[in-house]
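Q: Mind looking over this structure? Questions follow.
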Amino acid sequence: MSRIYTLDEVVRMEIKSYPLSKKHREFLGAVPLDETVSMQVTGAPGSGKSSYLLQVADEFARFGLVLYNTAEERIKAGGIKFRALMQNIKHTKRICVVENTDLDELRRLANGEYVAVIVDSIQKMKRDGKRLRSSEVMSIMSDHPERPRFYIFVSQTMKDRKTAAGEASDAHDVDIEVYTIGEHDEPRYAHIGKSRLNPSVMTYHIFTPKVRSASRQTNASSSVWGQLQAVEREERKKLTTKVGY
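Just so we're aligned, residue 2 is where the sequence shown starts under the numbering used here, counting upward by one.
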C-alpha cells in the first residue's frame, strides 16, 4: 500500500544526493543517492556523445565502479582509448568497458556493484539476435530495486539530429534528457531537453576541437550558441505559457 505524505513531511524530508563536482552538479542537478535515476543522451554522430559519456563516467567513478556497455564501438579500434587520453580521464581503474549487444548478457554483467551503467547505444541491443524495443532495454532499471543506480541510455538520432531515432522516441520516461550538438571544428555542447532534478544551467561544454584559425573557431562558437539560445528561448516561452506569467 502506498504511503501518503503531507506536504510538510515532503518539505522537511532530507534528500541525500551525490556530492558531484560543480560543473556536473549544475548541469545534472541533485542526483539522489537512494533512488534510481535515468538519463537519455541523443546526438548526431560526431556531436560529442561518447566524449560526454566518458566525462560522466569519470565523475561517477569517484563514488564506485561504472559499467560502460558499448554496443557500437570496438574497444580495440582505439576510439575509446583516444578519447580517454585526450580528455585526461582520471578514474580509469573504476570504469569497466565491455563490448556487448545482448540484453540478457547486459543484465548478467550489471549484477555487479556499479553506481552507474551506460548503454551505448540502445538501438543496438538485441535478444536472440533480434532488435528490441527501447522500453525492453530500459527495463534493466527495475532489475535491482534495492540497488539504486544512475542509468544512461544513448540513442541515435532522426534527421533533425536531436530527436531519438526509432522506438527510442517512445521511451521518454527518463529523469533527464540530454542532446549533444556541434560538428566539424565547432565546440561540442550537451544541452538539457528535460530534467526532473532541477539543474541550474542548461548547457555543458564537452570540448572544443583544436582548429587552425582562431576566427574559424569564433564563427563556429557563434553558430552553436545561436542554436542553443534559440532552443532556450522556446523553452522559456513554453514555461511562461504553463505558469501563466
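Where is the CB? At the ideal position from N, CA and C, for every residue including glycine.
Small disclaimer: the values here were computed from a predicted structure and weren't measured.
Helix, strand or coil: which one does DSSP assign to Tyr19?
A: Note: Tyr19 maps to coil in three-state DSSP.
Q: Cα separation between Leu29 and Ser48?
A: Leu29 and Ser48: Cα-Cα distance of roughly 19 Å.
Q: Three or more C-beta pairs closer than 8 Å, one from the segment 57-77 and one from the segment 192-206: is that the case here?
A: Because the criterion of three Cβ pairs below 8 Å is not met, the segment 57-77 and the segment 192-206 do not touch.
Q: Go ahead and pull the three-state DSSP assignment for Phe208.
A: Phe208: strand per DSSP, three-state reduction.
Q: In terms of residues, what are the limits of the beta strand (DSSP E) holding Val202?
A: Per DSSP, Val202 belongs to no beta strand (DSSP E) and is neither H nor E.
Q: Could you compute how far the alpha carbon of Glu106 sits from the alpha carbon of Arg150?
A: Taking the straight line joining both Cα atoms gives about 18 Å.
Q: What does a CB cutoff of less than 8 Å around Asp103 pick up in its chain, not counting 5 residues either side in sequence?
A: So the qualifying residues of the chain are Met126, Lys127, Arg128.
Q: Counting pairs of beta carbons, one from the segment 139-148 and one from the segment 6-16, are three or more of them closer than 8 Å?
A: Result no; under three Cβ-Cβ pairs closer than 8 Å.
Q: Measuring straight from C-alpha to C-alpha, what distance separates Ile119 and Phe61?
A: Their backbone Cα atoms lie some 11 Å apart in a straight line.
Q: Express the C-alpha separation of Thr209 and Gly183 in angstroms, rounding to a whole number.
A: Spanning the two alpha carbons is a distance of roughly 9 Å.
Q: Run through the DSSP bridge pairs and tell me what Glu100 is partnered with.
A: According to DSSP, Glu100 bridges with Thr71.
Q: Please list the segments of the beta strand (DSSP E) lying wholly inside the segment 5-50, counting only runs of 3 or more residues, in order along the chain.
A: Qualifying beta strand (DSSP E) stretches, in chain order: 38-43.
Q: Within a Cβ cutoff of 7 Å, which residues of the same chain sit near Tyr180, ignoring the five residues on either side of it in sequence?
A: Within the same chain, Tyr180 has close Cβ partners Thr43, Gly44, Lys163, His192, Gly194.
Q: If you draw a straight line from the C-alpha of Val116 to the C-alpha of Ser140, how long is it?
A: So the two alpha carbons sit approximately 17 Å from each other.
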